[in-house]
Amino acid sequence: MTSSGTQAEPTSPGSFVGREREFAELHAALDDANAGRGRLFVLSGEPGIGKTRLAEEVAHESSTRGMRAVWGRSWEGGGAPAYWPWVQILRSLLVDPNRPRIRGPVVTPEVGQLVPELASEALGQPESDPKQARFRLFDAVTTALKDAARSQTLVLILDDLHEADSSSLEMLKFIVRALPESHLLIIGTCRDAEVRRSPMLSEAIAEILRAGRQIPLGGLLQGEVGRMVMARSDQASSTGFISDLHQVTAGNPLFVEGVLSVLTAEGKLGSLDRLDLEGFRLPEGVRGSIRKRLELLSGPARELLIAAAAIGQEFDLAVLQRVSLGSAEVRSMLREAVEIGIVAIDSEPPRFSHPLIREALHREAGEDELIRMHNRIGEVLEEIHAPDLASHSAQLAYHYELGGNLEKAIDYSNRAAGAAAKVYAYQQGRNFSETALRLMEKRGALAGERARQLLRTADFAAAFDIRAAIDHLEKAVTLFEDAGDLEGLADAHVQIGAALISGGVQSASTYTLNIDRAFSHYAAAQKTLRDRPASATIVRLYCGIAQASWDAARMQESLDAARRALEIAEQVGREDVWQDAAGKLAFALNVSGRVTESFAIIERIRERAQLSGDPAILIAAAHSTAYHFLFGGDLASAAQWFQRLLSMPALSETTRRIYSQFIISPLAWTGKLKEARAISTRYFLGWLWESTIAFCEGDWEPSLAPGYGRPNKPSFLGSIWSAVLDPSCLQGYQLRIVGRHERAEPLLRSVIEVCGGLVLFEFRARTNLALIYLELQLKDKAALEIARCREIIAAAGDWRSCVGDLRRAEGVLASFSENIPEAESQFATAIQIYRRYSLAFEEADTLHYWGRALNAHGDAVRATEKFDAAIEIYRQVGAGQRWIERIEKAAARTRGDNAVSSSAEHNQFRRDGAQWNIIYQGKALRMKDSRGVRYLAHLLQYPHQEFHVLDLASLNHVGERPAGEAAVVGQTAVEKVLDPKARAQYAHRLADLREEYRDAERCNDLGRSAKTQQEIEQINSELSASLGLGGRPRGFASNAERARVAVSKRIKAAIEQIRDLNAELGRHLGAAVATGSFCSYRPDPKHPIDWQF
């Protein structure tokens, strides 16, 4: 074995060679784990490269230090239950009869459910709600592992992560978050190719590695292969032989070991000068070494191992003995396999040393023999695990399918899907359900039976892939029609409608929102269910119609359907059904402007949920509450409720994405921009939410682009809410802030025209329109908008922060009427409301209007106080500079109105050696000389004149006129934005990305397709920017660009230094000095400042 760069003397064929650097890094990780700094590593590479071998060496090293290594191996070949690697680890720690038990005083019901041997010791009942239960399961396992590691540092080795089920990977994602403060080291192994081929694996492993480190393993070097040869033969071999061996095996340790094993058995190792490749006749490259190794087995041992290969990569001895007709020589034959490195028995159960070996053995059996063996394995498993077939249903389904027993395979596939559902492994559940469906089709099942199976499959798919769920449901509709099953047909139509109105918020290319189609499916369901007795299906139908109707801006239909749903829910008598209907009615009332009624229903929803005590009901109530705060004017509370929902790891991927989108606006507008941006990096965001974050961060340019925020209408068929109201309200608000009133006004008017009773959007539009009309001096129009808003609030009741919007507009209107006491009263009330609901941006905007009103009334001192307070809010929340500049411009106008254009004021900007003496409005300060101050002095000396940055950079003395501007610019070296090599590299990358995007779309990999599309757009933008007219490369003046950056940076730094010494002067210069390729000083021409130099 080698360690820390020192090689141990070769003692056996199994000696460890190479990997000094990797082993040193893992050696250090053991020290970290012992010190309570847990870490995660993933060893990756091709089959046989030595991933597991390196992990074994780390495990051995850990044992010499008093640590404990525990293995969890993924099952290759199918049939493993969810969380299988973690089940093995927990069994080793908690129920291994050969070791002291490491467990806390209490076994949680969640751990007891995962490890049946502990079920009898578990106290309490597991959660019935999926979301809560999965979180508790993950947390219980994490706690059990950390508790075990407190007494003895643990090294957890998760072998073959590429074979792990998605639920096991989700659990790993959860556990790695707890590593930094634990005595745990986790080492995973995976094959690169398998990970790359699987979108699910690629995304999961990438997310896991955010909290850890990947160690890719390549082939051994030629010298290391030589050391392996020496370890085998105890003598040096010829350079030619080692070179041939290295070339044939590409340094893959498994293949090197395979060739050496054959040569040793034939007595040729050490006697060959070259490796005779033709003599080895290696079909499929070095895999021939595996076949040659198998030839060293005796006939009975080989037959036994063929049966073991049918069981799987790992095999239970009890099962193997029964399958091989109770052979008494099983253990002796296994020892024969161990001696030649085919089977490893260092832990239970025994396993093949490499999957390729198992694969080769499995292929040796004939088709009839395999069918017989798999059926026999299924029977044996049923006999052995009769008390707990549920835990082995996946394995049984696998073997009975290969054994051709379709009835049992279907039954166990559905049982396995149910078992997956109990531990919230949604993707695995869909896989099992689809297997059952495929086998039904193979068996020739009736249409109705297959349709019911499609409903079950769609239920699993809806948790993470809405489009796939719709596909399953539409197939079910056809089959139900063929079978004449009207009840099933109606159920399928209702479920399709629900999927279509949910939108499937996943990526730009996978929106499924289609209100028109949803209505057609609901109409079909209504026709089928007419005159049927009250049922949950009918309640779901009317709940769906209510939601589709409010999305289509048909609010009276929405309210009627929601009331009908609640009436029928009362008859059905199920709390979950009542909660759904009540939530729909409350929401419809909310967005209709009947807020008091809406929140009264929400209170009932929460009270009944508390009385029920059912976790699922409590979650449903939380869901309703979050959305009602969101649209009921309390964004801070909405953010808290959404965060509560998102904290549950058991959420389906679809639900998690939806909640993640809807929490963005509450976080952003309450000033939690970092939290909002963090969420945006994890999920694809629609333009609406991405625009909100960007705008709050000060990126205002996108909102100025014509057509910005107008979604592609085919993506939102029939949805007035998504296609018109949301985007128009948001952009209208943004354009008001930016000052583009002529564009904002028609957008907001369009909202009022089509809102169809969605008073929420009407109110938003009218309050913004009132402020716009006042900016345009259209006081009468503003008064009409405000009058309608008063009617809306009077009918709505306490619409939380929305009342602040009205009070602010009333304050601005009063200021225009020169009723300053009324204006100040309204502004103060608005600010009090915005503070109550933590709306930082709205509070600052109100201070902005208040300051302007005071200034117009001649109260410059108090106006400045309001402006300063607004700027401070923007800085506290991390708003972009554009927000601050907007206030500073208004503040500059205020100070300009009161500035004195007289030399008597002695505004001075003079250099005195290495210092500058500056006086502004009677206040003096001194500053050290710097280039930035010199640039400012020059600009102040020539107000309203533009100077190119190259001219400023070339100044020798302040106030001199730069000569030869054309010559200076003409001498600037022009460089290509992208040279030919860079453009070619971009083109190659673009081709790769397009292929990757097509592959992601085929695989329905939503995360990968969105990320790939984003990179494609970025590269296209770069390439477009590098080309001018006629496709010719565009250049830029590199000296000018460098000068622009340097001069602008120095001017801004000088202004900030001045601001620290004299805030008034700093604000004035910040508003009046423009930087860029051309710089200038532009004070208000109505109130010029006479500077003395």
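When we follow my numbering, the leftmost residue of the sequence shown carries the number 2, and every step to the right adds one. Built from N, CA and C at the ideal position, the CB exists for glycine as well. Since this is a predicted model, take the numbers as computed values, not measurements.
Between the alpha carbons of F600 and A587 lies a distance of about 7 Å. The Cβ atoms of A410 and L440 lie closer than 8 Å to each other. Boundaries of the beta strand (DSSP E) around F42: R40 to G46. Cβ neighbours of S262 within its own chain (closer than 7 Å, five residues either side excluded): R294, I341 and G342. Annotation for C790: the continuous alpha helix (DSSP H) segment containing it runs K780 to A797. Counted as a single uninterrupted DSSP element, the beta strand (DSSP E) harbouring A70 occupies residues R69 to R74.
The region 85-97 makes no contact with the region 256-271, as fewer than three CB pairs between them are under 8 Å. Judged by their CB atoms, L186 and L55 are not nearer to each other than the 8 Å cut-off.
Straight through space, the alpha carbons of L474 and V725 are spaced by roughly 30 Å.
Taking all protein chains in view, the Cβ of N1063 is crowded by 16 or more other Cβ atoms within 10 Å, so the residue is classified as buried. Excluding residues up to 5 positions away in sequence, G733, Y734, R737 and L749 lie with their Cβ nearer than 6 Å to the Cβ of N769 in the same chain. When rounded, the separation of the alpha-carbon atoms in L619 and D581 is 12 Å. Assignment of H949 by DSSP, reduced to helix, strand and coil, places it in the strand class. S625: member of the alpha helix (DSSP H) spanning P616 to F632, first to last residue. Fewer than three Cβ pairs drawn from the region 1045-1063 and the region 870-890 lie within less than 8 Å of each other, which leaves the two stretches out of contact.
Taking E442 as the centre and dropping the five residues before and after it, the same chain places the C-beta of R451 closer than 8 Å to its C-beta, in chain order. Minimum Cα-Cα distance from V950 among the listed residues D930, A1041 and R927 corresponds to A1041. At a Cβ-Cβ threshold of 8 Å, E77 and Q223 do not count as neighbours. The Cβ neighbour count for Q882, taken over all protein chains shown within 10 Å, is under 16; the residue is labelled exposed. The C-beta distance from I546 to A562 rounds to 4 Å, short enough to meet the 8 Å contact threshold. For P217, the pairing in a beta bridge is given by DSSP as S45. If you ignore the 5 residues before and after A766, its C-beta comes within less than 7 Å of the C-beta of C730, G733, L749, V752 and I753, all in its own chain and listed in chain order. Proximity of the region 637-651 to the region 841-860 falls short of the contact definition, fewer than three beta-carbon pairs being nearer than 8 Å. Using a 10 angstroms sphere on the CB of S152, the tally of other CB atoms stays under 16, which defines it as exposed.
Taking 8 Å as the upper bound for CB-CB distance, G594 and L761 are in contact here, some 7 Å apart.
Note on geometry: alpha-carbon atoms of E195 and H163 lie some 6 Å from one another.
In the structure shown, the three-state DSSP call for R377 is helix. The DSSP-derived three-state label of Y1082 is strand. Apart from the 5 residues on each side of it in sequence, P1086 sits with its Cβ closer than 8 Å to the Cβ of H945 in its chain, given in chain order. Of the candidates A526, L362 and A622, the residue whose Cα lies closest to the Cα of Q496 is A526. In this structure I378 is in contact with V324, their Cβ atoms being roughly 6 Å apart against a cut-off of 8 Å. Secondary structure at I346: coil, using DSSP grouped into helix, strand and coil.
Rounded to the nearest whole angstrom, the CA to CA distance from F868 to V862 is 10 Å. Secondary structure note for N35: its alpha helix (DSSP H) is the uninterrupted segment E21 to N35.
At a Cβ-Cβ threshold of 8 Å, G719 and I471 do not count as neighbours.
N591 is a Cβ neighbour of H629, given a cutoff of 8 Å.
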